[in-house]
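Beneath this line is the structure, given in structure tokens, with notes to follow.
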Amino acid sequence: MENSLNQYLELIQGNLATIDANAPEALDALRPEAVEALRRFGRLPRRGDEGFPNASPEEMFAPDYGLNITRRPIPADVAASFRCDVPNISTLTAIVVGDSFHPTATLLKNLPEGIEVMSLARAAKEHPTLVSQYLNKLAANSSAPVALNTALLQDGVFIRAARGARLDKAIQIVNIFNTPVAMMAVRRVLIVAEEDSALRVLLCDHSQRADVDYLSSQVVEIFAGKDASVELYDIEESSARTRRLSSVFVRQDSGASFFSTGCALCGGDSIASSRIDLEGAGASASLGALVIASGSRHIDNSVLLTHAAPHCTSRQLFKYALFDDSRGAFGGKVVVRPGAVRTDAAQTNRNLLVGEHSTMHSDPQLEIYCDDVKASHGATTGQLDARALFYMRSRGIPEDEARRMLVQAFMMDVADSIRLDALRDRMRLLVEKRLGGDASASCADCAACK
Amino acid sequence: MAEKENTPPINGEYKYGFTSDIPTDYIPHGLSEEVVRMISEKKGEPQWLLDFRLEAYRYWKTLEMPRWAHLDIPPIDYQDIIYYAAPKQKKAPGSLDEVDPALLDTFNRLGIPLEEQKALSGMAVDAVMDSVSVKTTHREKLAELGIIFCSFSEAVKQYPDLVRKYLGKVVSYRDNFFAALNSAVFSDGSFVYIPKGVRCPMELSTYFRINASGTGQFERTLIVADDDAYVSYLEGCTAPMRDENQLHAAIVEIIVEERAEVKYSTVQNWYAGDAEGRGGVYNFVTKRGLCRGDYSKLYWTQVETGSAITWKYPSCILKGEGSVGEFYSVAVTNNRQQADTGTKMIHIGRNSRSTIVSKGISAGHSQNSYRGLVKVAPGADGVRNYTQCDSLLLSDTCGAHTFPYIDVQNPSAIVEHEATTSKISEDQIFYCNQRGIPTEEAVGLIVNGYAKEVMNKLPMEFAVEAQKLLSITLENSVG
Amino acid sequence: MQPILKVENLRAGIEGKEILKGINLTVNPGEVHAIMGPNGSGKSTFSGVLAGDPRFTVLGGSAVLDGTQLLDLPPETRSHAGLFLSFQYPVEIPGVTMVNFMRAAVNAKRKYLNEDPLSAAEFLKLMRQKRAIVELDNKLASRSVNEGFSGGEKKRNEIFQMAMLEPKLSILDETDSGLDIDALRIVAGGVNKLRTDRNATIVITHYQRLLDYIRPDFVHILYKGRIVYSGGPELALELEEKGYDWIKEQVGE
Chain A
8 MENSLNQYLE LIQGNLATID ANAPEALDAL RPEAVEALRR FGRLPRRGDE GFPNASPEEM
68 FAPDYGLNIT RRPIPADVAA SFRCDVPNIS TLTAIVVGDS FHPTATLLKN LPEGIEVMSL
128 ARAAKEHPTL VSQYLNKLAA NSSAPVALNT ALLQDGVFIR AARGARLDKA IQIVNIFNTP
188 VAMMAVRRVL IVAEEDSALR VLLCDHSQRA DVDYLSSQVV EIFAGKDASV ELYDIEESSA
248 RTRRLSSVFV RQDSGASFFS TGCALCGGDS IASSRIDLEG AGASASLGAL VIASGSRHID
308 NSVLLTHAAP HCTSRQLFKY ALFDDSRGAF GGKVVVRPGA VRTDAAQTNR NLLVGEHSTM
368 HSDPQLEIYC DDVKASHGAT TGQLDARALF YMRSRGIPED EARRMLVQAF MMDVADSIRL
428 DALRDRMRLL VEKRLGGDAS ASCADCAACK
Chain B
236 MAEKENTPPI NGEYKYGFTS DIPTDYIPHG LSEEVVRMIS EKKGEPQWLL DFRLEAYRYW
296 KTLEMPRWAH LDIPPIDYQD IIYYAAPKQK KAPGSLDEVD PALLDTFNRL GIPLEEQKAL
356 SGMAVDAVMD SVSVKTTHRE KLAELGIIFC SFSEAVKQYP DLVRKYLGKV VSYRDNFFAA
416 LNSAVFSDGS FVYIPKGVRC PMELSTYFRI NASGTGQFER TLIVADDDAY VSYLEGCTAP
476 MRDENQLHAA IVEIIVEERA EVKYSTVQNW YAGDAEGRGG VYNFVTKRGL CRGDYSKLYW
536 TQVETGSAIT WKYPSCILKG EGSVGEFYSV AVTNNRQQAD TGTKMIHIGR NSRSTIVSKG
596 ISAGHSQNSY RGLVKVAPGA DGVRNYTQCD SLLLSDTCGA HTFPYIDVQN PSAIVEHEAT
656 TSKISEDQIF YCNQRGIPTE EAVGLIVNGY AKEVMNKLPM EFAVEAQKLL SITLENSVG
Chain C
666 MQPILKVENL RAGIEGKEIL KGINLTVNPG EVHAIMGPNG SGKSTFSGVL AGDPRFTVLG
726 GSAVLDGTQL LDLPPETRSH AGLFLSFQYP VEIPGVTMVN FMRAAVNAKR KYLNEDPLSA
786 AEFLKLMRQK RAIVELDNKL ASRSVNEGFS GGEKKRNEIF QMAMLEPKLS ILDETDSGLD
846 IDALRIVAGG VNKLRTDRNA TIVITHYQRL LDYIRPDFVH ILYKGRIVYS GGPELALELE
906 EKGYDWIKEQ VGE
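Chains as they are written, first to last, in the numbering used here: chain A, 8 to 457; chain B, 236 to 714; chain C, 666 to 918.
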């Protein structure tokens, strides 16, 4: 059987000196253990492995992607005010071309006291203690794709809010693919929100060429200290040939709140996993996802959310609208550890099968080891409400339009929950355009993508 | 089941825990091809059945015990089990006079009188002790309607064509580790055939009893409901209290033809072990029905209160167009019990429908899991499924888990799953207390109310028994 | 004069069961017809079949709306042609606001009539005007369609939509069910305001009560899928007095 991991192991083995030389020592130090872990895993997960009913990391990583291990600057028009067009939103933007970090002038000028956004390479020099304290502590080579990300890691994004620092504006990281040859980006984001701080981070994925294969390997680690608040928005609007495997790890201390929304609108196969550890009493986490897939795209989301402390709250809302032959999967596990009393956990997965050959796997799971809990999950897979459809048509709304309106309505609660006003409006519009069959909904009007 | 007047008051002890002193015919410990041949020979089986057993045995040897369930199963030494034990009888009893009185007494104490005049009217019983069927009641009356209800061994002799036609067709010996084991060494069980258009006028029931020490029980039940037939089938089980663990690995196969309807109800009360988790039955059972005919229906209802470890997933393969599968389950675990139980609904036929209602109740240090699969095959248009899984927690040291797998490969399906887990309501208990009801009794009331939706699906006699069982199982469970 | 609705020998059923067993009905401009009948007589089937409810199957006969053959048309085209059904149970559509819903409906009809879509300002003005007819609260317009509306609000919302779409034929299916007397008066008042000599109304009801407010010109009694009696408004009063058992006796049961 194919084993696409081998080509990466060979690449690392043959070029270790080059990889190390082009990365800070703090990242090089993680490499041996990651490689060791990869050898132990032996291969990447395949379709059919536990947790991978549809998408296959093995296949995702199989093509011969280029890797920028010599850190050659990739030409990109990194204009000063270069940002994704989210109207009326004033974000502090950094651009990641491939996997190289470029801050904008606005970002550099406007960062308030206590908030830092920089390349991981620079952070390794300026904050060696912080980086060694946090980097890879959650991800910890816990799966083959995560270990591969660490083994190839040379740079990334470092975001930190010092104790008490609160930033209302969103920090926007625009991830761009633009090379004329197939490319893989090793993307890494480390977010440290110290006690009582507040951060909002917006990740946008864009591909400037629709005819080239790209692969994004993304690992995000988030530490939310006592009473800190972190919001993470992850918007995929790339191309059908841009595949993505993203792993998000979050650890929350007492009273910390984490809010995230993922939107998969346009793009290739996507596998996203999140692991949320509610370690401190009174922490809360809210995760949402909005998936609209067409063609033969596969979208997998999985969540492992652990209530390890008392009085924590968690909410999950994952919604899929699957057109054509697209395939969706949702795996969600909520674990309530002994002693996590007064847990309040709810998980919802709702799926619309619109396409004639669309399919859905849903595995919501509860594992509860404590009695004083309120936990629920619900999963439904079905079609548009036939009564609603008839009601609309009886008022003269043509069937196609009625269907579109209903799918849009189905998605609205996820979009509505977005806490960033301008982004919320933008997402509503993008969903509408996407459902209207407007392919330009992807990267609509974004200066970066023109 | 009728309550007998001389039954001692329920005190939370396992009231079926007595042993009976009955001369028993054993074969030596352990499992080998020779043992398989010996079992087959003792039963005077035809060559084809021996071949079936041997194939199963050889396949079993290549397997390892499954570990995917949320269960902590201690290593089982399959060579330390006696695979065949039978109460010594000179020959198959023709009438009750020929049955060992100690045996009759055992079943009387279990509340299963085998004398037909005393037996509950409206229920025919096949009593299985250890590896063999002791007595099947009401056979003549059933035979008038063309209904076959007899022990499996007898069916092999008298209806070999029927048995051969259906045996292993729903649960292949290749299905899983325990199915392979059972197929190699099964000793007895019940066989039911309801001919075309016949509604079975009485409940059919098999009562399983493990008596002999150091033995496993490996019975096999095969139920065939031909076109337009109907039958309601009940299964009950108990075992003596022993410090050792006893293995029970059964197979139930059901075939439901066009427009036929089968109800299969189980009250599982194998010995659960003591409060510290010593002893008890390992209940590793494969139950599956094939709704082969269009508009066929299969209803599983189970009340699981016993066994140290339960691993069972009564399932429906809904192949016929418009076929219907239902699974109603109450699983109670207390002390150190572990249960991993649920169902599979495999929708292949168009417009097939299924309903799953599972109520888990966990107390003490027990672990209780619901595991289910709802699968809609690509060609199955218009499928509907509704699943409701609730878990009730009675202690802070137990665990309640829900693992539903939903795989929809046809976009016209509507599949709904809901699950909740919560603690028993303190408000409800207090309300009962205030009205003078002690906590223990209040818990029994509340739990019975919680399980009512499932209990209502049981035949009347069973429902009463099951309600008592729930309360008994949970005694001393609320601190 | 061309009738607004001409139904001939209409037969229809649900899930293989025949419910309407040959309905004949002619409705002329300016007329109000009441259709009464006991539960299960086929009243709601009749309105559903005319509106194109996919749950029902037409087994035979014809229905012509102002010269347009209805039965082969999709529901939206029937609406464009001038048919309006006030639902007995208006459907809740979470996530779709009333404004978006009505704008889609009004502009679809304008497109059918080869008219330009209304501008946002024009549309909102129209909403305001029509809302007044049934005293519908402005707040309801910004909420999802029927979601969380009270019984009375839902029925007022139906009449509001009728006002927006200006149908030739309105069918009010049990519009009085679940309404208190004040709501009933408002709803009936709205219907009366919308009456002209060019449109027509069919009122389907179980009780005489609604007919005190919306005076019918003709009353038909539907029983077991057939119109067994037709008469003037006095028929409704007689029915109220004698009860449906009287009908059963009359048809010889």
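Heads up, the beta-carbon is just placed ideally off N, CA and C, and yes, glycines get one too.
This structure is a prediction, so every number in the text was calculated from the model and none was measured.
Rounded straight-line distance, which links the Cα of residue j to that of residue i
{"i": "alanine 698(B)", "j": "isoleucine 458(B)", "result": "22 Å"}
{"i": "serine 815(C)", "j": "leucine 791(C)", "result": "24 Å"}
{"i": "asparagine 857(C)", "j": "arginine 394(A)", "result": "28 Å"}
{"i": "glycine 637(B)", "j": "threonine 313(A)", "result": "Note that residue 637(B) is threonine in the sequence shown here, rather than glycine. Approximately 15 Å, taken between the alpha carbons."}
{"i": "glycine 339(A)", "j": "leucine 373(A)", "result": "8 Å"}
{"i": "glycine 908(C)", "j": "glutamine 663(B)", "result": "48 Å"}
{"i": "histidine 264(B)", "j": "tyrosine 294(B)", "result": "20 Å"}
{"i": "valine 42(A)", "j": "alanine 158(A)", "result": "6 Å"}
{"i": "aspartate 2(A)", "j": "cysteine 273(A)", "result": "Chain A is shown only over 8 to 457; residue 2(A) falls outside these bounds and no answer can be derived."}
{"i": "leucine 849(C)", "j": "proline 881(C)", "result": "16 Å"}
{"i": "alanine 130(A)", "j": "proline 152(A)", "result": "24 Å"}
{"i": "valine 164(A)", "j": "alanine 386(A)", "result": "36 Å"}
{"i": "aspartate 35(A)", "j": "threonine 77(A)", "result": "14 Å"}
{"i": "threonine 268(A)", "j": "valine 360(B)", "result": "59 Å"}
{"i": "alanine 414(B)", "j": "alanine 429(A)", "result": "59 Å"}
{"i": "lysine 795(C)", "j": "asparagine 772(C)", "result": "16 Å"}
{"i": "tryptophan 546(B)", "j": "serine 309(A)", "result": "27 Å"}
{"i": "serine 356(B)", "j": "tryptophan 505(B)", "result": "With a pLDDT of only 49 at serine 356(B), under 50, the local geometry of the prediction cannot be trusted, and the value read off the model is given with reservation. Computed Cα separation, rounded: 25 Å."}
Where the beta strand (DSSP E) through residue i begins and ends
{"i": "leucine 297(A)", "result": "291-300"}
{"i": "glycine 21(A)", "result": "Where glycine 21(A) is concerned, there is no enclosing beta strand (DSSP E), although the alpha helix (DSSP H) it sits in stretches over 12-28."}
{"i": "glycine 713(C)", "result": "Glycine 713(C) -> not in any beta strand (DSSP E); alpha helix (DSSP H) instead, spanning 708-716."}
{"i": "cysteine 273(A)", "result": "264-273"}
{"i": "glutamate 374(A)", "result": "366-375"}
{"i": "methionine 580(B)", "result": "573-582"}
{"i": "serine 303(A)", "result": "It is not in any beta strand (DSSP E) - serine 303(A) carries neither H nor E in the DSSP assignment."}
Neighbour flag for residue i against chain F, beta carbons, 7 Å
{"i": "isoleucine 596(B)", "result": "No chain F is present in this structure, whose protein chains are A, B and C."}
CA nearest to the CA of residue i, picked from the options
{"i": "proline 469(B)", "options": "Asp462(B), Thr456(B) and Asp461(B)", "result": "The residue you asked about is not proline; residue 469(B) is leucine in the sequence shown. For the residues Asp462(B), Thr456(B) and Asp461(B), the minimum Cα distance to leucine 469(B) belongs to Thr456(B)."}
{"i": "aspartate 351(A)", "options": "Cys377(A), Ala192(A), Leu329(A) and Ser321(A)", "result": "Ser321(A)"}
{"i": "glycine 557(B)", "options": "Thr501(B), Tyr548(B) and Asp529(B)", "result": "Asp529(B)"}
{"i": "serine 751(C)", "options": "Ser401(A), Met367(A) and Leu442(A)", "result": "Ser401(A)"}
{"i": "aspartate 331(A)", "options": "Pro317(A), Val341(A), Arg349(A) and His305(A)", "result": "His305(A)"}
{"i": "glutamate 780(C)", "options": "Asn811(C), Glu812(C), Arg808(C) and His745(C)", "result": "His745(C)"}
{"i": "isoleucine 591(B)", "options": "Lys376(B), Ala677(B), Tyr605(B) and Ser597(B)", "result": "Tyr605(B)"}
{"i": "proline 646(B)", "options": "His582(B), Thr578(B), Lys687(B) and Val398(B)", "result": "His582(B)"}
{"i": "serine 236(A)", "options": "Arg251(A), Val208(A) and Ser214(A)", "result": "Val208(A)"}
{"i": "glycine 432(B)", "options": "Phe421(B), Leu402(B), Tyr408(B) and Val466(B)", "result": "Val466(B)"}
Status (buried if at least 16 other CB within 10 Å, exposed otherwise) for residue i
{"i": "glycine 634(B)", "result": "buried"}
{"i": "proline 39(A)", "result": "exposed"}
{"i": "valine 188(A)", "result": "exposed"}
{"i": "leucine 427(A)", "result": "buried"}
Delimiting residues of the alpha helix (DSSP H) encompassing residue i
{"i": "isoleucine 308(B)", "result": "Neither: isoleucine 308(B) is in no alpha helix (DSSP H) and is coded neither H nor E."}
{"i": "alanine 415(B)", "result": "412-420"}
{"i": "cysteine 526(B)", "result": "Run containing cysteine 526(B): none in the alpha helix (DSSP H); it sits in the beta strand (DSSP E), 515-526."}
* Asked: Can you list, in chain order, the residues of the stretch 645-678 of chain B whose Cβ is nearer than 9 Å to any Cβ on chain A?
  -> Asn645, Pro646, Ser647, Ala648, Ile649, Val650, Glu651, His652, Glu653, Ala654, Thr655, Thr656, Ser657, Lys658 and Ile659
* To do: Using a Cβ-Cβ cut-off of less than 8 Å, give me the residues of the stretch 575-586 of chain B that come near chain A, in sequence order.
  => none
* Proximal residues, the stretch 736-757 of chain C versus chain A, C-beta separation under 9 Å -> Pro739, Pro740, Glu741, Thr742, Arg743, Ser744, His745, Leu748, Phe749, Leu750, Phe752, Tyr754, Pro755, Val756 and Glu757
* Give, in chain order, every residue of the stretch 372-402 of chain A whose Cβ lies closer than 9 Å to some Cβ of chain C. => Asp392, Ala393, Arg394, Ala395, Leu396, Phe397, Tyr398, Met399, Arg400, Ser401 and Arg402
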